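Line by line, the protein sequences give chains B and R. Per full-length UniProt numbering, residue 1 is the first one in the first sequence, and the count goes up by one each step. Per full-length UniProt numbering, residue 1 is the first one in the second sequence, and the count goes up by one each step.
Number of protein chains: 2
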Amino acid sequence: MPVAATSLDVRSASRLFKALGDETRLRIVALLSHGELCVCHFESALGLTQSNTSRQLGVLKNAGVVEARRDGSWVYYRLAPQMEEVCKAQLEALVAAFAKRDALGEDVERLLKSLGPNACK
Amino acid sequence: MPVAATSLDVRSASRLFKALGDETRLRIVALLSHGELCVCHFESALGLTQSNTSRQLGVLKNAGVVEARRDGSWVYYRLAPQMEEVCKAQLEALVAAFAKRDALGEDVERLLKSLGPNACK
DNA sequence: TGACGACATCACAATATTCAAATATCGTGT
DNA sequence: ACACGATATTTGAATATTGTGATGTCGTCA
Numbered sequence: 001m002p003v004a005a006t007s008l009d010v011r012s013a014s015r016l017f018k019a020l021g022d023e024t025r026l027r028i029v030a031l032l033s034h035g036e037l038c039v040c041h042f043e044s045a046l047g048l049t050q051s052n053t054s055r056q057l058g059v060l061k062n063a064g065v066v067e068a069r070r071d072g073s074w075v076y077y078r079l080a081p082q083m084e085e086v087c088k089a090q091l092e093a094l095v096a097a098f099a100k101r102d103a104l105g106e107d108v109e110r111l112l113k114s115l116g117p118n119a120c121k
Numbered sequence: 001m002p003v004a005a006t007s008l009d010v011r012s013a014s015r016l017f018k019a020l021g022d023e024t025r026l027r028i029v030a031l032l033s034h035g036e037l038c039v040c041h042f043e044s045a046l047g048l049t050q051s052n053t054s055r056q057l058g059v060l061k062n063a064g065v066v067e068a069r070r071d072g073s074w075v076y077y078r079l080a081p082q083m084e085e086v087c088k089a090q091l092e093a094l095v096a097a098f099a100k101r102d103a104l105g106e107d108v109e110r111l112l113k114s115l116g117p118n119a120c121k
């Protein structure tokens, strides 16, 4: 039974939305809806500074939207599974929308280009 | 040239998320997922000042999340139909989640109480 | 018309967010 | 151990967002 005036759902959902409420971060999520990527990919695909890329990823990670995995020198990010029901449904809907019709156009093209033969090298 | 990297979808979706990325505003949306309400309802159900209520509703309205209708002295708010595909899917999923399992607990109870026999009187 | 209630907006201080450049950290190869 | 590349964090200044109280606007009813 919910006790506080604000239920957990609303609290965590607003947290999620706040993280997604930034164009750059949403573009990151959109790219991630196609699969795991490492930091350098976001830098080149989105044309961000290294510092900014890292920080936005940090915000998303803090909000539980993404999770990181280290592989050698590189850190790979992927969408994190959501525990809260509302968050889960929202992220799933978002990913589905992004995966279906490519909402990213040039971002994805740049990404694929940079993913060429040997990415991250 | 300006890499116009961001598609319309991403831009409008981040706008939506930004508006939803606040606990108070999300509680408003949650209440609205049950139907149309007038300003005084939010005030009492959420325990907000009149000024704050009005401003948060203004933010939501500005973001295209809600729309207003005047009826005599009162102004009624309801969720606005979304044009962009992504926004539409997201808001629908959110409303469905809120409508199903009451994510609001006390907010709704307070609301129903204040909605008694003759609301807004 | 004037008074009142509902709602919107303004003004202000507090707090938070933004970005880029500089700096720090961590893993890898030498 | 050292140097280097990849990523993270800190810094600081500009900007945005927040909530509150005061004020403005609009509609209603007498």
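Ideal placement from N, C-alpha and C gives every residue a C-beta, glycine not left out. These figures come from a predicted structure and were not determined experimentally.
Is there a Cβ from chain B that is less than 7 Å from the Cβ of residue i?
i, result
"residue 42 of chain R", "no"
"residue 61 of chain R", "no"
"residue 32 of chain R", "no"
"residue 55 of chain R", "no"
"residue 91 of chain R", "no"
"residue 97 of chain R", "yes"
"residue 65 of chain R", "no"
"residue 12 of chain R", "no"
"residue 88 of chain R", "no"
For residue i and residue j, what's the separation of their Cα atoms in angstroms?
i, j, result
"residue 27 of chain R", "residue 72 of chain B", "44 Å"
"residue 91 of chain B", "residue 82 of chain B", "8 Å"
"residue 15 of chain R", "residue 97 of chain R", "21 Å"
"residue 76 of chain R", "residue 88 of chain R", "21 Å"
"residue 57 of chain B", "residue 50 of chain B", "11 Å"
"residue 39 of chain B", "residue 9 of chain R", "23 Å"
"residue 11 of chain R", "residue 43 of chain R", "31 Å"
"residue 31 of chain R", "residue 60 of chain B", "27 Å"
"residue 86 of chain B", "residue 74 of chain B", "32 Å"
"residue 69 of chain B", "residue 93 of chain B", "24 Å"
"residue 80 of chain B", "residue 62 of chain B", "11 Å"
"residue 25 of chain B", "residue 53 of chain B", "9 Å"
"residue 48 of chain B", "residue 37 of chain R", "43 Å"
"residue 23 of chain B", "residue 45 of chain R", "32 Å"
"residue 4 of chain B", "residue 29 of chain B", "Unreliable placement is indicated for residue 4 of chain B, whose pLDDT of 42 sits below 50; the coordinate value is still reported in the next sentence. Answer to the nearest angstrom: the Cα atoms are 31 Å apart."
"residue 7 of chain R", "residue 95 of chain R", "25 Å"
Using a Cβ-Cβ distance cut-off of 7 Å, determine whether residue i contacts chain R.
i, result
"residue 21 of chain B", "yes"
"residue 48 of chain B", "no"
"residue 26 of chain B", "yes"
"residue 18 of chain B", "yes"
Looking at the ligand GTP, does it come within less than 6 Å of residue i, judged from the CB to the closest heavy atom?
i, result
"residue 67 of chain R", "The ligand GTP is absent from the structure shown, which contains no ligands of any kind."
Report the CB separation of residue i from residue j in whole angstroms; it is logged as a contact under 8 Å.
i, j, result
"residue 78 of chain B", "residue 67 of chain B", "6 Å"
"residue 84 of chain B", "residue 19 of chain B", "In fact, because the Cβ distance is near 13 Å, the residues do not count as touching under 8 Å."
"residue 17 of chain B", "residue 21 of chain R", "4 Å"
"residue 41 of chain B", "residue 99 of chain B", "Wrong, their Cβ atoms sit about 17 Å apart, outside the cutoff."
Query raised in the report: Could you give the uninterrupted runs of the alpha helix (DSSP H) lying entirely in the stretch 19-104 of chain B, keeping only those of 4 residues or more?
Result: 23-32, 39-46, 50-62, 85-100
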